[in-house]
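In my numbering, the protein residues as written are 17 to 299.
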């Protein structure tokens, strides 16, 4: 059996020792030069933000604190019986199909504004309120307007809820700040900030044509539909509805239905209600 021998490192000869000595001397000189002649780097100093920037940051924080309790997550269930499942291109493994969306409480008695397409054809509508802890309810559909793509839901019972007020969308200008709150991909009460990028007279999404739409660069994704777009006063100026993007995710262009288009659904609820209701937010 042949033994395997490990060879020790080869020693440097006279020429090698000379090269090593030269390299060591060069490194020593370079180190001394750094220590003596190289200028010291100044520490990076933090730049104090302007007063306006700090005030704006505080405003966004206050808006989030006031509006988020009024924003709900919506889960829809569509029961798919054998006949309905046979018509689906890809029948689900379970006998139902789920959908997600957002909504906003617009009345302390539990009325919720959302998109009609969020709840369209649903056999069951479940909402989750996070004020102050998660509470789930089975909501009922009060009214739906497919043309406007708006719907009004109601939470049963007599509990008083925090709610957000409708602002006057006719006063919104291009360039105004806009804050979107919703549940993108099921991530509850997500807050994003942008501006009103444009006002579009007409926009088509699949077979539906929307008119007088707000365009915003506040991030909107799947699950945001039905959630509020609010101004710096925390008032609802729009209902987030659609995005423009080939991938189906946000690319900087989102659309919201102006709040004034929802007044026909919401205004009848305010008859006889005290405007100083302590549960209100977005004043």
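All C-beta atoms, glycine included, are put in the ideal place defined by N, C-alpha and C.
8 Å Cβ cutoff met for residue i and residue j
i	j	result
residue 117	residue 241	yes
residue 243	residue 87	yes
residue 234	residue 270	yes
residue 221	residue 194	no
residue 245	residue 239	no
residue 186	residue 276	yes
residue 208	residue 217	no
residue 94	residue 162	no
residue 282	residue 129	yes
residue 160	residue 190	no
residue 188	residue 230	yes
Same chain, Cβ closer than 8 Å to residue i, five either side skipped, listed in chain order
i	result
residue 156	141, 169, 170, 172
residue 237	200, 201, 259, 265, 266
residue 297	Per-residue confidence for residue 297 stands at a pLDDT of 38, beneath the threshold of 50, marking its modelled position as unreliable; no derived number is given.
residue 174	125
residue 225	218, 219
First and last residue of the uninterrupted alpha helix (DSSP H) at residue i
i	result
residue 163	Here residue 163 belongs to no alpha helix (DSSP H), and DSSP marks it neither H nor E.
residue 251	That residue, residue 251, is in no alpha helix (DSSP H); it is neither H nor E in DSSP.
residue 280	279 to 282
residue 70	67 to 83
6 Å CB neighbourhood of residue i in its chain, flanking five on each side removed
i	result
residue 115	92
residue 291	Low confidence applies here, because residue 291 scores a pLDDT of 38, under 50, leaving its location unreliable; read the following figure in that light. Once the five neighbours on either side are set aside, residue 291 has no close Cβ partner at all.
residue 177	121, 124, 126
residue 89	144, 199, 204
residue 153	143, 171
residue 284	none
Cβ neighbour criterion (16 or more within 10 Å) applied to residue i
i	result
residue 64	exposed
residue 181	buried
residue 15	Any property of residue 15 remains undetermined from this structure, which presents the chain solely from 17 to 299.
residue 183	buried
residue 167	buried
residue 119	buried
residue 12	In this structure the chain extends from 17 to 299, so residue 12 is not present and cannot be described.
residue 263	exposed
residue 165	buried
residue 148	exposed
Where the beta strand (DSSP E) through residue i begins and ends
i	result
residue 146	140 to 146
residue 210	206 to 221
residue 132	Note, residue 132: premise wrong, no beta strand (DSSP E); alpha helix (DSSP H) at 132 to 135.
residue 273	270 to 274
Residue i, DSSP secondary structure in three states
i	result
residue 230	strand
residue 256	strand
residue 88	strand
residue 201	helix
residue 118	strand
residue 241	coil
residue 156	strand
Proximity test, residue i beta-carbon vs the ligand MG heavy atom, cut-off 7 Å
i	result
residue 174	In terms of ligand content, the structure shown is empty, and the ligand MG therefore cannot be addressed.
Close-in-space but distant-in-sequence residues of the same chain around residue i (CB under 7 Å, 5 per side omitted)
i	result
residue 150	144
residue 279	182
residue 192	211, 212, 247
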